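>
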Amino acid sequence: MRLLILGGTWFLGRALGELALSAGWSVTTFNRGVSAADLPGVQVVHGDRERPEDLKRLAEHGPWEAVIDTIGYVPSQVLTAATALAPVVGRYVYVSSVNVYTGWPDEPLDDESPLFDCPPDADATFGADLGYAGQYGALKAGCENAVVQAVGQERAVVLRPGVILGPNEYVGRLTWWLTRAARGGQLLAPGPAERPIQPVDVRDVAAFALACVEDGKVHGSFNVTAPIGHATFAELVDTCVAVTGADTVPVWADPDWLVGRGVQQWTELPLWRTHRGVWTVDSSRAAAAGLACRPLRDTVSQTWAWMNGGGSPITGEGEAGRAADHGISAAQERELLRTWLQES
Ligand SMILES: NC(=O)c1ccc[n+]([C@@H]2O[C@H](COP(=O)([O-])OP(=O)(O)OC[C@H]3O[C@@H](n4cnc5c(N)ncnc54)[C@H](OP(=O)(O)O)[C@@H]3O)[C@@H](O)[C@H]2O)c1
């Protein structure tokens, strides 16, 4: 099997490359070669997704049975890439996001929920009035349209992951909780402890994407999350404490109290969000097509092992800053804990 990965050096792209190589596939990766080392064993084509001439040059290295595009954020760029690659790839797998749904994160979602409306040739300015998450989602929806326009419905596979966790995560979500748990003491945990969560492991997303490619007939769109109720916030926090081996004691604070104190959801306490649609994404279509999700404790323990065994492949600038945006300071946490314990 010959596979092309657009991206391929950070997180999901890297997991895709590792898994495909371990299955004996021939893998080509396309990226600029500036922010991380390429995977040993892949054929490397360096170039910029923003330069049509680089995409034309990439196409000359084909054909491939499939391309998996992990780096599409702007519809007009994805349209250029998919149009250049259409004659030399079989299936085009586009990694989208649950953000394409207008109802996210406020409403429960399934694969047929309403999408943002964005043309396939939109540029990066589209949806500027929608706020950061809305614009991201609208542009991803436009990218999906671009792929379908370029290669047709029958050859297009659209994957819409929710939150992805696991080794090589660079966003700073699970890595922050693990780092915090390892520090010990009383840990401010956002209640309720039994809140269901459904993050998906990066290696499970990769395995599902490769299965879609291997099948050769799968097409259409799939929500790619762990099943609803896969785990709870308490399992996340308790497993972080257990695997780090620290004498850390979670103190569960009322979510409305935290909101009232101005604690920023999603970033200051990563993965915590009170909106009712965040962890109610139905992914049964993907499960029926073969998505299998490992227990959260495996994701947590293997991410901790990775953090202690060499860390991120990313060497270039930019993404370290994103992780630094996550979490609260020790002083802020201490003050919140003091007030919560006093008032409760
Ligand atoms: N993380 C989540 O929770 C989550 C959730 C839902 C959906 N997603 C989606 O999953 C995908 C995440 O992929 P990943 O970040 O893990 O991908 P990745 O493929 O592992 O890494 C990103 C790649 O993009 C390359 N790149 C950056 N700018 C480029 C450019 N101008 N031209 C060519 N290559 C460029 C980088 O290399 P160079 O810098 O060297 O070029 C790097 O190889 C995204 O599409 C995201 O929307 C993520």
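Heads up, my numbering is the position in the sequence shown plus 7, with the first residue counted as 1.
Positions of the beta carbon are idealized from the N, C-alpha and C atoms, including for glycine.
No experiment lies behind these values; they were computed from the predicted model shown.
(1) Taking C-beta to C-beta, are Gly297 and Ala218 nearer than 8 Å?
(2) At a cut-off of 7 Å, would you count Pro112 as near ligand 1, judging by its Cβ distance to the nearest heavy atom?
(3) Since I believe Val220 is in contact with Ala73 (beta carbons under 8 Å), could you give me their beta-carbon distance rounded to a whole number of angstroms?
(4) Our contact map puts Ile235 next to Asp289 with C-beta atoms below 8 Å; I'd like the distance itself, whole angstroms only.
(5) Determine the DSSP secondary structure at Cys118, reduced to helix, strand or coil.
(6) Express the C-alpha separation of Ala241 and Arg268 in angstroms, rounding to a whole number.
(7) Name the residue from Asp332, Ala260, Ala312, Cys300 whose alpha carbon lies nearest to the alpha carbon of Leu348.
(8) Can you name the start and end residues of the beta strand (DSSP E) that Asp197 belongs to?
(9) Could you compute how far the alpha carbon of Val207 sits from the alpha carbon of Thr90?
(10) Quick one: give me the first and last residue of the beta strand (DSSP E) that Asp124 is part of.
(11) Who are the Cβ neighbours of Trp32 in its own chain at under 6 Å, not counting the five residues just before and after it?
(12) Do the region 178-190 and the region 150-161 make contact, defined as three or more Cβ pairs closer than 8 Å?
(13) If you draw a straight line from the C-alpha of Tyr143 to the C-alpha of Glu25, how long is it?
(14) Is Ala43 a contact residue of ligand 1, with contact defined as CB to any heavy atom under 7 Å?
(15) When burial is assigned at 16 or more other CB atoms within 10 Å of the CB, is Ser336 buried or exposed?
(16) Would a C-beta distance cut-off of 8 Å place Gly317 and Leu116 closer than the cut-off?
(17) CB of Val154 to nearest heavy atom of ligand 1: below 7 Å?
(18) Check whether the Cβ of Ile78 sits closer than 7 Å to any heavy atom of ligand 1, and report yes or no.
(19) Quick check on DSSP: helix, strand or coil for Trp184?
(20) I'd like the list of long-range same chain contacts for Leu194, defined as Cβ closer than 6 Å, with 5 residues on each side in sequence excluded.
(21) Using alpha carbons as the reference points, say which of Thr251, Phe37, Trp17, Thr182 lies closest to Val49.
(22) Distance check for Pro94 and Trp311, CA to CA, integer angstroms please.
(23) Is the number of C-beta pairs between the region 48-62 and the region 102-115 that are closer than 8 Å three or more?
(24) Do you know offhand how far Trp71's Cα is from Ala88's?
(25) Tell me which same chain residues have a C-beta within less than 6 Å of the C-beta of Arg341, skipping the five on either side of it?
(26) Leaving aside the five residues before and after Glu350 along the sequence, list all residues of the same chain whose C-beta is less than 8 Å from its C-beta, in chain order.
(27) Based on the DSSP secondary-structure assignment, which residues constitute the bridge partners of Trp71?
(28) Cβ-heavy atom distance between Ile204 and ligand 1 below 7 Å?
Considering the structure as presented:
(1) yes
(2) no
(3) 4 Å
(4) 7 Å
(5) Position check: residue 118 holds Asp in this sequence, whereas Cys was assumed. DSSP places Asp118 in coil when its eight states are reduced to three.
(6) Rounded to whole angstroms, Arg268 to Ala241 spans 22 Å at the Cα level.
(7) Ala260
(8) A small correction: the amino acid at residue 197 is Pro; Asp does not occupy that position in the sequence shown. Annotation: the continuous beta strand (DSSP E) that includes Pro197 extends over 192-197.
(9) Their backbone Cα atoms lie some 31 Å apart in a straight line.
(10) Looking at the DSSP string, Asp124 is not in any beta strand (DSSP E), and its letter there is neither H nor E.
(11) Met8, Leu10
(12) no
(13) 28 Å
(14) With a cut-off of 7 Å, the C-beta of Ala43 is classified as near ligand 1, since at least one heavy atom of the ligand falls inside that distance.
(15) So Ser336 ends up on the exposed side.
(16) Not a contact, by the Cβ cut-off of 8 Å.
(17) no
(18) Relative to ligand 1, the beta carbon of Ile78 is positioned inside 7 Å of a heavy atom.
(19) helix
(20) Thr255, Pro257, listed in sequence order.
(21) Phe37
(22) 42 Å
(23) no
(24) 14 Å
(25) none
(26) Trp264
(27) Val96.
(28) no
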